[in-house]
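*Asks:* In my numbering, the protein residues as written are 98 to 298.
No residue lacks a Cβ here, since even glycine has one placed at the ideal position from N, Cα and C.
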């Protein structure tokens, strides 16, 4: 918990993974490489916006990477609330020299290297993203906020908030998926952990 959550009224945070990109289709590692949404991704973002619009939301925040920023703009339009910030702390995990490789290429590199140049540690991802969510929550006491980020960030947060018991085997943080987190004075908590045990993202 950070000081930002001290005496905080409960805040609901919808963590949204950005829509699909061509690199997602090709199963290439994106990391900090700034790949835009494709048309499927834009449709996914619009659909998420429509689904979220069934409830009331107070603000939208996003990673500054184009795929997340555009997803946030499309959701913002559906909700009628502004994108209030693009935070570097919400950006995808840096994968260093692995970026641009498909999963076979990644496996080949990892088999030959003791360390991966430029690979951000998961603990660093958790630290920066948790702090960002705490700061966002502190700015919206008692509110409901949409945060658009990335698969690596959201997966890392799920691991951290579940004491590394979730997600279940085979679970995928899919493009356009929504995961609910609550923020209180006690810190961050997964709102619906029972939904993270299956094999369908």
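Is it true that the stretch 169 to 186 meets the stretch 205 to 215, where meeting means three or more beta-carbon pairs spaced less than 8 Å apart?
*Replies:* no
*Asks:* Can you give me the start and stop residues for the beta strand (DSSP E) that residue 144 sits inside?
*Replies:* In the chain shown, residue 144 corresponds to position 47, counting from 1. Per DSSP, residue 144 belongs to no beta strand (DSSP E); it is in the alpha helix (DSSP H), 136 to 149.
*Asks:* Taking the alpha-carbon positions, what's the residue 202 to residue 286 distance?
*Replies:* Taking the first residue of the chain shown as position 1, residue 202 is located at position 105. Taking the first residue of the chain shown as position 1, residue 286 is located at position 189. The alpha-carbon atoms of residue 202 and residue 286 are separated by roughly 35 Å.
*Asks:* In terms of residue numbering, what span does the beta strand (DSSP E) encompassing residue 287 cover?
*Replies:* What you label residue 287 is simply residue 190 of the chain shown in a count that begins at 1. Taken as a continuous stretch (DSSP letters only), the beta strand (DSSP E) holding residue 287 covers 284 to 287.
*Asks:* Could you check which residue in 284, 293, 291, 292 has the C-alpha nearest to that of residue 109?
*Replies:* Numbered from its first residue, the chain shown carries residue 109 at position 12. That would be 284, whose Cα lies nearest to the Cα of residue 109.
*Asks:* So, do the stretch 150 to 169 and the stretch 251 to 266 have three or more beta carbon pairs nearer to each other than 8 Å?
*Replies:* Taking one beta carbon from each stretch, the stretch 150 to 169 and the stretch 251 to 266 have fewer than 3 pairs nearer than 8 Å; the two do not touch.
*Asks:* Can you tell which of 230, 242, 268 has the C-alpha that lies nearest to the C-alpha of residue 291?
*Replies:* As a first step, residue 291 is located in the chain shown; it is residue number 194 there, counting from the start. Among 230, 242, 268, the Cα nearest to that of residue 291 belongs to 268.
*Asks:* Among 289, 274, 239, 288, which residue has its Cα nearest to the Cα of residue 140?
*Replies:* Taking the first residue of the chain shown as position 1, residue 140 is located at position 43. Out of 289, 274, 239, 288, 274 has the C-alpha closest to the C-alpha of residue 140.
*Asks:* So the candidates are 289, 126, 156; which of them puts its Cα closest to the Cα of residue 236?
*Replies:* Sequence index remark: in the chain shown, residue 236 carries index 139 (1-based). It is 156 whose Cα lies nearest to the Cα of residue 236.
*Asks:* Report the partner residues of residue 83 according to the DSSP bridge assignment.
*Replies:* The chain is shown from 98 up to 298; residue 83 falls before or after that span and cannot be answered.
*Asks:* Under the DSSP definition of a beta bridge, which residues are partnered with residue 183?
*Replies:* As a first step, residue 183 must be located in the chain shown, where it is residue number 86. Per DSSP, 159.
*Asks:* Taking 8 Å as the threshold (C-beta atoms), are residue 200 and residue 115 in contact?
*Replies:* Counting from 1 along the chain shown, the entry for residue 115 is found at position 18. Counting from 1 along the chain shown, the entry for residue 200 is found at position 103. Their beta carbons are not under 8 Å apart, which means residue 115 does not touch residue 200 by this criterion.
*Asks:* In whole angstroms, what separates the C-alpha of residue 111 from that of residue 130?
*Replies:* Counting from one through the chain shown, the residue named residue 111 turns up at place 14. Counting from one through the chain shown, the residue named residue 130 turns up at place 33. Rounded to the nearest angstrom, the two C-alpha atoms are 24 Å apart.
*Asks:* Which residue comes first and which comes last in the beta strand (DSSP E) that contains residue 275?
*Replies:* Here residue 275 refers to the residue found at position 178 of the chain shown. Residue 275 -> beta strand (DSSP E) spans 275 to 281.
*Asks:* Could you round the C-beta distance between residue 128 and residue 146 to whole angstroms and report it? I think they count as a contact, below 8 Å.
*Replies:* As a position in the chain shown, residue 128 is number 31, starting the count at 1. As a position in the chain shown, residue 146 is number 49, starting the count at 1. With a Cβ gap of about 26 Å, residue 128 and residue 146 do not count as contacting.
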